[in-house]
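**Student:** Right, I'll just put the structure down here and ask away after.
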Amino acid sequence: MSLRREILEQPEVAARFLARAPSVVGPLAEAIRRRDVDHVVIAARGTSDHAAIYAQYVLGIRHALSVGLGTPSVISLYGAQPRLDRSLVIGISQSGASPDVVGVIEAGQRQGAPTLAITNDPRSPLAIAAETTIDLGTGPELAIAATKTYTTELLAIASLSAALSGDPADAAALSAVPDAMAQALTQEAAVKGMAVEQARADRLLVIARGYEYATAREWALKIKELAHVFADPYSAADFEHGPLALLEPGVPVLATVRPGPTRAGLLELLGRLRADHDAALAVVSDDPGALALARWPIPLAAGTPEWLGPIVSIVIGQLHALHLTVARGLDPEMPRNLNKVTRTS
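For the sequence shown, the residue numbers in our numbering are 326 to 670.
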């Protein structure tokens, strides 16, 4: 099964990427410091859009940069030319083939903005259009559902952040990520058991906050595209503004909790969901208090900094989507209606 194989490859792929990343992100960080960059614009689609959401938090919190998700159709369909000259313009795409994402990079180039392509194909139109390319170098990804390319996209963003900070502690924390991913993969049996119990669910709710909001989005997407179950992702803050009405006894709620500013609010919310609504909670966390709330606790190794947490926690989401698909009698290699490369204009 290529999907499971590619999920299990991720610690090795991550270590390989981190060994060569400094040669690209170091000079890129220097170029960004020299340029008069006020903010960042990122164009992406699908899974790569969730990497862009992760970048919003990483670059916003750690580097005080305003980060916006580009709207490619503004350029590709409507012909408008937003001002990008004081922006770092980033395109993220595993294939590097989607014309609308390429168009945003080309607009940045025309305006003299620094442009960056993050892609698994250094010969793709996206890479050709950009001033700098971070080649993910994951090797061929044969499964339709993206896994190793997604986590390597996150690593590319994290590596750029570490280069911008110049803090040796950040580089050390990054170097520990492959081992943390490998530890997460040891939870496969527990994740499979949880998936079997959830196989008859007609909907799932996925909750996180902060850096891990990207995880909620990506986890829900994997469930939808593979297991064909409606899975709605929410920021914990947004969940209380209406979507709480979706909750009924027995509806699985999947949550990721990390130490940091979001922890207390998430623990309070999950406690209320269990006590007041009899929610069936699955909690992915390195926090014992969070795990104690769960019907399905999935522990992670302690020590991964909050800003690097999504690179590790989504491994659990990928395993869950895989085993939920199999438990529902579906083929994870052949998700309905989908192709590996999608081109939008």
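For glycine and all other residues, C-beta sits at the position ideal for the given N, C-alpha and C.
Note that the structure is predicted; figures quoted are calculated from it, not measured.
Distance, Cα to Cα, Pro622 vs Leu616?
**Tutor:** As a working mapping, residue 622 is identified with position 297 in the sequence shown. As a working mapping, residue 616 is identified with position 291 in the sequence shown. C-alpha separation (whole angstroms): 5 Å.
**Student:** Do the CB positions of Leu510 and Leu333 come within less than 9 Å of each other?
**Tutor:** Translated into positions along the sequence shown, residue 510 becomes position 185. Translated into positions along the sequence shown, residue 333 becomes position 8. Contact flag set, yes.
**Student:** Can the beta-carbon of His645 be found less than 9 Å from the beta-carbon of Ile532?
**Tutor:** Looking up residue 645 in the sequence shown gives position 320. Looking up residue 532 in the sequence shown gives position 207. Result no, Cβ atoms of His645 and Ile532 do not sit closer than 9 Å.
**Student:** By Cβ distance below 6 Å, which residues in the same chain neighbour Val349 in space, the five residues on each side in sequence not counted?
**Tutor:** Reading the sequence shown from its first residue, position 24 is the one you call residue 349. The answer, listed in chain order, is Ile459.
**Student:** Let me check understanding here. Comparing Cα to Cα, which of Pro439, Gly518, Ala580 and Asp361 lies closest to Thr457?
**Tutor:** Taking the sequence shown and counting its residues from 1, the one referred to as residue 457 is at position 132. Ranking Pro439, Gly518, Ala580 and Asp361 by Cα distance to Thr457 puts Pro439 first.
**Student:** Whole angstroms is fine: what's the gap from Val338's alpha carbon to Ala442's?
**Tutor:** On the sequence shown, position 13 is the one that residue 338 refers to. On the sequence shown, position 117 is the one that residue 442 refers to. So the alpha carbons of these two residues sit roughly 19 Å apart.
**Student:** Can Tyr475 and Ile639 be called in contact, C-beta distance under 9 Å?
**Tutor:** Your numbering for residue 475 matches position 150 in the sequence shown. Your numbering for residue 639 matches position 314 in the sequence shown. Yes, they are a contact pair.
**Student:** Taking the beta carbon of Asp656 as the centre, do at least 16 other beta carbons fall within 10 Å, making it buried, or is it exposed?
**Tutor:** Numbered from its first residue, the sequence shown carries residue 656 at position 331. Result: exposed.
**Student:** For Lys665, collect the residues of the same chain with a Cβ closer than 6 Å to its Cβ; drop the 5 residues on either side in sequence, then sort them by chain order.
**Tutor:** In the sequence shown, counting from the first residue as 1, residue 665 sits at position 340. At Lys665, the pLDDT of 48 sits below 50, so the modelled position is not reliable and the matter cannot be decided from this model.
**Student:** Starting from the C-beta of Pro447, find all residues in its chain whose C-beta is less than 6 Å away, skip the five residues before and the five after it, and write them out in chain order.
**Tutor:** Counting from 1 along the sequence shown, the entry for residue 447 is found at position 122. The residues are Thr458 and Asp460.
**Student:** Identify which residue in Ala604, Val383 and Ala340 has its Cα closest to the Cα of Leu571.
**Tutor:** Numbered from its first residue, the sequence shown carries residue 571 at position 246. Nearest C-alpha to Leu571: Ala604.
**Student:** Under a three-way DSSP split, which group does His553 fall into?
**Tutor:** Looking up residue 553 in the sequence shown gives position 228. Coil.
**Student:** Rounded to a whole number of angstroms, what is the C-alpha to C-alpha distance between Ala496 and Ile636?
**Tutor:** Within the sequence shown, numbered from 1, the residue matching residue 496 stands at position 171. Within the sequence shown, numbered from 1, the residue matching residue 636 stands at position 311. Straight-line Cα distance between these residues: approximately 15 Å.
**Student:** Give every residue of the same chain whose Cβ lies closer than 6 Å to the Cβ of Ala526, excluding the five residues on either side of it in the sequence, and list them in chain order.
**Tutor:** The sequence position of residue 526 within the sequence shown is 201, counting from 1. Result list for Ala526: Pro577, in chain order.
**Student:** How is the alpha helix (DSSP H) around Ser490 delimited, first residue to last?
**Tutor:** The residue given as residue 490 occupies position 165 in the sequence shown. Looking at the DSSP string, the run of the alpha helix (DSSP H) that includes Ser490 is Lys473 to Ser490.
**Student:** Could you check the C-alpha separation between Thr650 and Thr540 for me, to the nearest Å?
**Tutor:** If you number the sequence shown from 1, residue 650 lands on position 325. If you number the sequence shown from 1, residue 540 lands on position 215. So the alpha carbons of these two residues sit roughly 19 Å apart.
**Student:** Between the Cα of Ala556 and the Cα atoms of Tyr536, Gln523 and Thr587, which residue gives the shortest distance?
**Tutor:** One-based indexing of the sequence shown puts residue 556 at position 231. When only C-alpha atoms are compared, the closest one is Gln523.
**Student:** Between His566, Leu569, Leu579 and Glu573, which lies nearest to Ala545 when the distance is taken from Cα to Cα?
**Tutor:** Counted from its first residue, the sequence shown places residue 545 at position 220. Measuring from the Cα of Ala545, the nearest candidate turns out to be Leu579.
**Student:** Rounded to a whole number of angstroms, what is the C-alpha to C-alpha distance between Glu466 and Gly371?
**Tutor:** On the sequence shown, residue 466 is found 141 positions in, with the first residue counted as 1. On the sequence shown, residue 371 is found 46 positions in, with the first residue counted as 1. When rounded, the distance between both Cα atoms is 16 Å.
**Student:** Within this structure, are the beta carbons of Leu485 and Leu595 separated by less than 9 Å?
**Tutor:** Numbered from its first residue, the sequence shown carries residue 485 at position 160. Numbered from its first residue, the sequence shown carries residue 595 at position 270. No, these two residues do not count as a Cβ contact at 9 Å.
**Student:** From the DSSP output, which residues share a beta bridge with Leu394?
**Tutor:** As a position in the sequence shown, residue 394 is number 69, starting the count at 1. According to DSSP, which records beta bridges pairwise, Leu394 is partnered with Ile367.
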